[in-house]
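Worksheet for the structure shown next.
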Amino acid sequence: MFLDWIERRIDPFAPFDDRQMPPKTVMGFVGFYLKPIRFALAILLVTAIVAGTIEASLYLLMRWFIDLMNGADRTTVLAENGTQIGLALVLLLLVRPVSIWLHELCANQLLVPQTSSQIRWRTHLYTLGHSLSYFQSDFAGRLANRIVQVGPAVRELAVTFIDTLLYVAIYAITAIGLFGSISFWLALPVIVWVVAYAALTTWFVPRARKRSHKSAETRSTLVGRVVDSYTNILTVKLFARDREERAAVREAVDANTAAYLHQFRLTTLTTTLLGVLNSVLLVATASVCFMLWRDNAMTTGEAAAGLALVMRLLAMSGWVMQTVRGVFENVGVIQESMATVSRPHALVDAPNAGTLEVSGGDIRFEGVDFHYGRGDASIIENLSFRIRPGEKVGLVGVSGAGKTTITALLLRLHDVEGGRILIDGQDIAGVTQDSLRGSIAMVTQDTSLLHRSIRDNIAYGNPEASEAEIERAARLAQADGFIADLVDHKGRRGYDAQVGERGVKLSGGQRQRVAIARVILKDAPILILDEATSALDSQVEAAIQDSLDTLMQGKTVLAIAHRLSTIAALDRLIVVDKGAIVEEGSHAELIRSGGLYARLWQRQSGGFLGDGAASANDARSLDATAAE
Numbered sequence: 001m002f003l004d005w006i007e008r009r010i011d012p013f014a015p016f017d018d019r020q021m022p023p024k025t026v027m028g029f030v031g032f033y034l035k036p037i038r039f040a041l042a043i044l045l046v047t048a049i050v051a052g053t054i055e056a057s058l059y060l061l062m063r064w065f066i067d068l069m070n071g072a073d074r075t076t077v078l079a080e081n082g083t084q085i086g087l088a089l090v091l092l093l094l095v096r097p098v099s100i101w102l103h104e105l106c107a108n109q110l111l112v113p114q115t116s117s118q119i120r121w122r123t124h125l126y127t128l129g130h131s132l133s134y135f136q137s138d139f140a141g142r143l144a145n146r147i148v149q150v151g152p153a154v155r156e157l158a159v160t161f162i163d164t165l166l167y168v169a170i171y172a173i174t175a176i177g178l179f180g181s182i183s184f185w186l187a188l189p190v191i192v193w194v195v196a197y198a199a200l201t202t203w204f205v206p207r208a209r210k211r212s213h214k215s216a217e218t219r220s221t222l223v224g225r226v227v228d229s230y231t232n233i234l235t236v237k238l239f240a241r242d243r244e245e246r247a248a249v250r251e252a253v254d255a256n257t258a259a260y261l262h263q264f265r266l267t268t269l270t271t272t273l274l275g276v277l278n279s280v281l282l283v284a285t286a287s288v289c290f291m292l293w294r295d296n297a298m299t300t301g302e303a304a305a306g307l308a309l310v311m312r313l314l315a316m317s318g319w320v321m322q323t324v325r326g327v328f329e330n331v332g333v334i335q336e337s338m339a340t341v342s343r344p345h346a347l348v349d350a351p352n353a354g355t356l357e358v359s360g361g362d363i364r365f366e367g368v369d370f371h372y373g374r375g376d377a378s379i380i381e382n383l384s385f386r387i388r389p390g391e392k393v394g395l396v397g398v399s400g401a402g403k404t405t406i407t408a409l410l411l412r413l414h415d416v417e418g419g420r421i422l423i424d425g426q427d428i429a430g431v432t433q434d435s436l437r438g439s440i441a442m443v444t445q446d447t448s449l450l451h452r453s454i455r456d457n458i459a460y461g462n463p464e465a466s467e468a469e470i471e472r473a474a475r476l477a478q479a480d481g482f483i484a485d486l487v488d489h490k491g492r493r494g495y496d497a498q499v500g501e502r503g504v505k506l507s508g509g510q511r512q513r514v515a516i517a518r519v520i521l522k523d524a525p526i527l528i529l530d531e532a533t534s535a536l537d538s539q540v541e542a543a544i545q546d547s548l549d550t551l552m553q554g555k556t557v558l559a560i561a562h563r564l565s566t567i568a569a570l571d572r573l574i575v576v577d578k579g580a581i582v583e584e585g586s587h588a589e590l591i592r593s594g595g596l597y598a599r600l601w602q603r604q605s606g607g608f609l610g611d612g613a614a615s616a617n618d619a620r621s622l623d624a625t626a627a628e
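Here the sequence shown stands for residues 1 to 628, where the numbers follow full-length UniProt numbering.
Written as structure tokens, this is what we have:
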């Protein structure tokens with residue numbers, strides 16, 4: 001019960017401002033994440049001082065005990081020194097164990113697991129706030145690796161500093177104090193050793209920090225390479241590129257090995273120098289002790305305690321040097337994670353942003369300008385159009401025309417550079433991103449699912465949905481048939497079956513139907529269909545079309561399709577080319593006008609648009625989440 005109470009003193013999920021960017025310096029970053037536990041660290045510091053002082057005092061106790069045995073009368077020693085012996089026993093049997101227990105309790109029950117979890121949680125939440133382009137510019141595995149590693153690295157930096165360096169300081173002060181009380185010449189070797197040790201550490205630390213940073217960087221690159229190969233294993237197999245993937249990972253392993261070897265060369269040199277320094281101290285201390293003992297200036301107990309204290313100090317010095325190396329390996333991890341995490345959020349809610357209230361679903365683009373920030377010509381210039389409440393509008397154009405970019409701007413995955421976008425008269429830049437995207441449901445062309453059960457993936461559209469509502473959405477999406485036959489590798493069936501990473505255990509058409517069921521369950525007032533039936537065969541598409549028609553009832557719809565037959569029956573079609581509207585009207589009106597739409601319709605082969613007229617911006621506008 002008591003341990004449970006101690007373990008709950010630090011709440012890993014305590015509320016905090018997840019929009020505040022962590023500092024960009026190592027000490028600032030560490031201090032930022034240690035601030036919530038500063039009182040726990042203070043308690044650890046106090047218990048470490050008490051435990052370290054008691055441990056160092058054992059050598060003074062050794063001196064007293066050896067001198068007692070050397071000079072006391074054996075027949076009366078207990079009678080004359082019973083009180084002192086009793087106090088020594090209390091120190092050894094009660095005070096020392098209690099101090100060790102308190103110190104371990106603070107470190108292991110109060111601090112270690114909870115602090116790591118809290119830092120991971122807070123860095124994860126801040127990272128989630130980054131824009132889509134942030135995640136697309138790095139390996140998912142490397143990002144996850146940095147989030148998972150930074151918690152223990154920050155914690156170890158603080159705890160190791162308190163536990164290790166503080167202990168050495170206490171032992172050094174005790175040794176100097178003991179020797180100084182006997183003779184300055186006895187204290188001098190220890191003082192010189194402390195200065196030389198500090199100089200060696202000062203020389204070692206910046207080099208260790210630089211090399212450990214390189215090691216951490218190459219390790220993250222290695223993890224990213226491996227995860228990238230596993231994530232895209234189907235592509236690797238289909239193109240028979242095992243050899244190339246092996247070469248890429250081997251290159252990363254080689255770079256990581258070279259970085260570690262460079263780091264350990266420094267360790268070997270430093271450890272050797274420390275060994276020489278320690279041997280000189282031991283010889284110097286023993287020589288002075290011998291001369292002082294010979295001249296009756298030092299007792300046998302003092303000599304024994306002094307030499308034991310020095311040997312303990314020497315043993316700790318090697319441990320401390322290795323610990324310092326570990327500390328700066330953690331510094332390398334922190335620097336790497338800091339470079340990843342401590343970036344300002346590219347897309348943030350406006351101060352005092354309100355909640356979007358959708359009454360009808362009226363959408364207006366007013367003079368919108370946007371490009372991807374690379375000095376290229378704008379992909380969208382002065383774009384203006386309106387979609388009335390409840391209207392079903394199709395966006396038509398060749399690859400690169402800007403269709404998907406328009407939907408990305410409506411979802412505020414990017415901020416417009418000029419003009420504004422209104423929903424029911426509310427500028428989307430002035431409302432929260434969550435309320436905006438919560439009011440819009442979208443089925444994308446490239447559907448990926450979470451590595452969870454079918455039920456969880458469908459319920460993602462509405463976490464409060466009942467089992468009956470989930471099953472109804474699956475039926476409307478024509479997904480209930482294949483769901484009933486699903487069995488995963490652990491024997492889970494139907495809605496409990498796991499779909500694999502990104503839904504790889506399902507076919508493209510099955511993933512699409514689960515995504516449509518998710519959108520049906522969300523039931524948002526605005527609906528975006530970006531090639532929503534592209535992964536479905538004609539038979540399934542025909543079966544699901546009635547469900548899509550039902551889904552679109554009473555909603556404002558913006559649909560994109562290369563297969564023009566799927567959007568020909570919509571209320572209105574907007575034809576875009578190079579980010580500008582070139583035609584508007586119904587299917588019949590556009591055919592009669594003989595413009596770009598009519599030519600695209602005539603050029604269709606099997607119902608798909610050709611892309612011969614694609615502009616130089618094809619790749620960027622097809623990817624609505626390209627780097628800003």
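Backbone N, C-alpha and C fix where the C-beta goes; we use that ideal spot for every residue, glycine too.
For this session: Report the option in A515, S507 and K490 whose CA atom is closest to the CA atom of G461.
Result: Within the sequence shown, the letter at position 461 stands for residue 461. Here the closest residue by C-alpha is A515.
For this session: State the Cα-Cα distance for the pair L277 and A144, rounded to the nearest angstrom.
Result: For the purposes of this step, residue 277 is identified with residue 277 of the sequence shown, where counting begins at 1. For the purposes of this step, residue 144 is identified with residue 144 of the sequence shown, where counting begins at 1. Distance between the alpha carbons of L277 and A144 is about 43 Å.
For this session: Specify whether the segment 63-74 and the segment 302-321 touch according to this definition: at least 3 beta carbon pairs, one from each stretch, less than 8 Å apart.
Result: yes
Exercise. Looking at C-beta atoms only, is the number of pairs between the segment 592-603 and the segment 414-425 that lie closer than 8 Å three or more?
Worked result: Because the criterion of three Cβ pairs below 8 Å is not met, the segment 592-603 and the segment 414-425 do not touch.
Exercise. Leaving out the 5 sequence neighbours to the left and right, which residues in its chain are closer than 7 Å to L486 when beta-carbon positions are compared?
Worked result: The residue you call residue 486 lines up with position 486 of the sequence shown. For L486, where only same-chain residues beyond five positions count, the Cβ hits under 7 Å are I454, R493, G494 and A497.
Problem set entry | Touching by the beta-carbon criterion (3+ pairs, under 8 Å), the segment 121-133 and the segment 198-210 | no
Exercise. Between which two residues does the alpha helix (DSSP H) carrying T508 extend?
Worked result: Residue numbering aside, residue 508 sits at position 508 when the sequence shown is read from its first letter. At residue 508 the sequence reads Gly, which differs from the Thr that was named. Where G508 is concerned, the enclosing alpha helix (DSSP H) stretches over G508 to K522.
Problem set entry | Reference R572; option with closest CA among G579, A580, A559 and K578 | Numbered from 1 along the sequence shown, position 572 holds the residue referred to as residue 572. Comparing Cα-Cα distances from R572 to each of G579, A580, A559 and K578, the minimum goes to A559.
For this session: Report the partner residues of F2 according to the DSSP bridge assignment.
Result: Stepping through the sequence shown from its first residue, residue 2 is reached at position 2. Answer by DSSP bridge pairing: none, since F2 is not bridged.
For this session: Give the range of the beta strand (DSSP E) segment to which R572 is assigned.
Result: Here residue 572 is taken as the residue at index 572 of the sequence shown, counted from 1. For R572, the enclosing beta strand (DSSP E) begins and ends at R572 to D577.
For this session: Identify whether G491 lies in helix, strand or coil by the three-state DSSP scheme.
Result: Sequence index remark: in the sequence shown, residue 491 carries index 491 (1-based). If DSSP states are grouped into helix, strand and coil, G491 belongs with coil.
Problem set entry | Length of the line joining the Cα atoms of I528 and S133 | Start at 1 with the first residue of the sequence shown, and residue 528 comes out as number 528. Start at 1 with the first residue of the sequence shown, and residue 133 comes out as number 133. If you take the alpha carbons of I528 and S133, they lie about 20 Å apart.
Exercise. Taking C-beta to C-beta, are T164 and V320 nearer than 9 Å?
Worked result: If you number the sequence shown from 1, residue 164 lands on position 164. If you number the sequence shown from 1, residue 320 lands on position 320. Taking 9 Å as the Cβ cut-off, T164 and V320 qualify as a contacting pair.
Exercise. Would you report the Cα separation of G606 and G594, rounded to the nearest angstrom?
Worked result: Translated into positions along the sequence shown, residue 606 becomes position 606. Translated into positions along the sequence shown, residue 594 becomes position 594. Summary for G606: the model assigns pLDDT 41, below 50, so the residue's position carries little reliability, and this model does not support an answer.
Exercise. Hey, A172 and V194 are a contact pair by Cβ (cut 8 Å); roughly how many whole angstroms apart?
Worked result: Along the sequence shown, one-based indexing puts residue 172 at 172. Along the sequence shown, one-based indexing puts residue 194 at 194. Yes, A172 and V194 are in contact; Cβ-Cβ is about 6 Å, under 8 Å.
Problem set entry | N- and C-terminal bounds of the beta strand (DSSP E) containing T556 | Against the sequence shown, residue 556 aligns to sequence position 556. Per DSSP, T556 belongs to the beta strand (DSSP E) from T556 to I560.
Problem set entry | Nearest candidate by alpha-carbon position, reference A598, set D456, G397 and L34 | Here residue 598 corresponds to residue number 598 of the sequence shown, with the count starting at 1. When only C-alpha atoms are compared, the closest one is G397.
Problem set entry | Nearest-angstrom Cα separation, counted from M442 out to G579 | As a first step, residue 579 is located in the sequence shown; it is residue number 579 there, counting from the start. As a first step, residue 442 is located in the sequence shown; it is residue number 442 there, counting from the start. Distance between the alpha carbons of G579 and M442: 21 Å.
Problem set entry | Outcome for T404 when other beta-carbon atoms lying within 10 angstroms are tallied against a minimum of 16 | Position 404 of the sequence shown holds residue 404. Burial call: buried.
Exercise. Which same chain residues, not among the five before or five after L166, have their C-beta less than 8 Å away from its C-beta?
Worked result: The residue you call residue 166 lines up with position 166 of the sequence shown. So the qualifying residues of the chain are L45, A48, I49 and G52.
Problem set entry | Residues near L58 by beta carbon distance below 6 Å, same chain, minus five either side | For this step, residue 58 is matched to residue 58 along the sequence shown. Same-chain partners within the cutoff: there are none.
Exercise. Quick one: what's Q498 bridged to in DSSP?
Worked result: For this step, residue 498 is matched to residue 498 along the sequence shown. Answer by DSSP bridge pairing, in chain order: S453.
For this session: Would you mind working out which of T83, L110 and I43 sits nearest I6, comparing C-alpha positions?
Result: Sequence index remark: in the sequence shown, residue 6 carries index 6 (1-based). Comparing Cα-Cα distances from I6 to each of T83, L110 and I43, the minimum goes to L110.
For this session: With a threshold of 16 other CB atoms inside 10 Å of the CB of Q20, please say whether the residue is buried or exposed.
Result: Within the sequence shown, the letter at position 20 stands for residue 20. When all chains shown are included, Q20 counts as exposed.
Exercise. Thinking just about the alpha-carbon of each residue, which of S384, I10, G500 and G360 is nearest to the one in E366?
Worked result: Within the sequence shown, the letter at position 366 stands for residue 366. Checked all of S384, I10, G500 and G360; the closest Cα to E366 is S384.
Exercise. For R211, which of helix, strand or coil comes out of DSSP?
Worked result: In the sequence shown, counting from the first residue as 1, residue 211 sits at position 211. In the structure shown, R211 sits in a helix (DSSP, three-state: H, G or I).
Problem set entry | Check whether M69 and I182 have beta carbons under 9 Å apart | Here the question's residue 69 lines up with position 69 in the sequence shown. Here the question's residue 182 lines up with position 182 in the sequence shown. Their beta carbons are not under 9 Å apart, which means M69 does not touch I182 by this criterion.
Exercise. Helix, strand or coil: how does DSSP classify G354 here?
Worked result: Mapped onto the sequence shown, residue 354 falls at position 354. Reduced to three states, the DSSP call for G354 is strand.
Exercise. With respect to the beta strand (DSSP E) encompassing E381, which residues constitute its N-terminal and C-terminal limits?
Worked result: Translated into positions along the sequence shown, residue 381 becomes position 381. Boundaries of the beta strand (DSSP E) around E381: I380 to I387.
Exercise. Does the beta-carbon distance from R146 to S220 come in below 9 Å?
Worked result: Within the sequence shown, numbered from 1, the residue matching residue 146 stands at position 146. Within the sequence shown, numbered from 1, the residue matching residue 220 stands at position 220. Yes. Within cutoff.
Problem set entry | Buried/exposed call for V348, threshold 16 Cβ in 10 Å | Indexing the sequence shown from 1 puts residue 348 at position 348. Per the 10 Å Cβ criterion, exposed.
For this session: Look up K403 in the DSSP assignment and say whether it is helix, strand or coil.
Result: Locating residue 403 in the sequence shown gives position 403, counting from the first residue. K403 falls in the helix class under three-state DSSP.
Exercise. Going by C-alpha distance, which of G491, S229 and Q149 is nearest F139?
Worked result: Numbered from 1 along the sequence shown, position 139 holds the residue referred to as residue 139. Ranking G491, S229 and Q149 by Cα distance to F139 puts S229 first.
Exercise. Can you tell which of L506, T267, D549 and K505 has its C-alpha closest to the C-alpha of I520?
Worked result: Mapped onto the sequence shown, residue 520 falls at position 520. Closest by alpha carbon: D549.
Exercise. Taking C-beta to C-beta, are I421 and V576 nearer than 9 Å?
Worked result: Taking the sequence shown and counting its residues from 1, one reaches residue 421 at position 421. Taking the sequence shown and counting its residues from 1, one reaches residue 576 at position 576. No, these two residues do not count as a Cβ contact at 9 Å.
Problem set entry | Inter-residue Cα distance where the pair is F328 and I43 | The residue you call residue 328 lines up with position 328 of the sequence shown. The residue you call residue 43 lines up with position 43 of the sequence shown. One C-alpha to the other measures close to 24 Å.
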